[in-house]
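Numbering (the UniProt record's numbering), first residue to last: 1 to 83.
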């Protein structure tokens, strides 16, 4: 039984057909994007860089409290002509 399980999991690892839940990028969101930011606890704080505002947290739930708002591109208008 154990050898069959080992062969099956080894075969999945070698062929690259792992379940979608084990994908490191599938279940991870780095920041919430919101229109209005708010502190979620007393350890949260605001940071403004350019036109983008961020909320970071120093507490144990820091990953859940990270937020940002503002424009999607930091560079602004795209140059059409290469001058």
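Each residue gets a CB set at the ideal place from its N, CA and C atoms; glycine is no exception.
- Bridge partner(s) assigned by DSSP for residue 46: 55
- residue 68 in three-state terms, based on DSSP: strand
- Item | Buried or exposed (CB count within 10 angstroms, at least 16 for buried), residue 47 | By the 10 Å Cβ count, residue 47 comes out exposed.
- Task: Apply the 10 Å Cβ neighbour rule to residue 33 and answer buried if 16 or more other Cβ atoms are within range, or exposed otherwise.
- Result: So residue 33 ends up on the exposed side.
- Which residue from 70, 64, 69, 72 puts its Cα closest to that of residue 44? When each option's Cα is compared against that of residue 44, the closest is 64.
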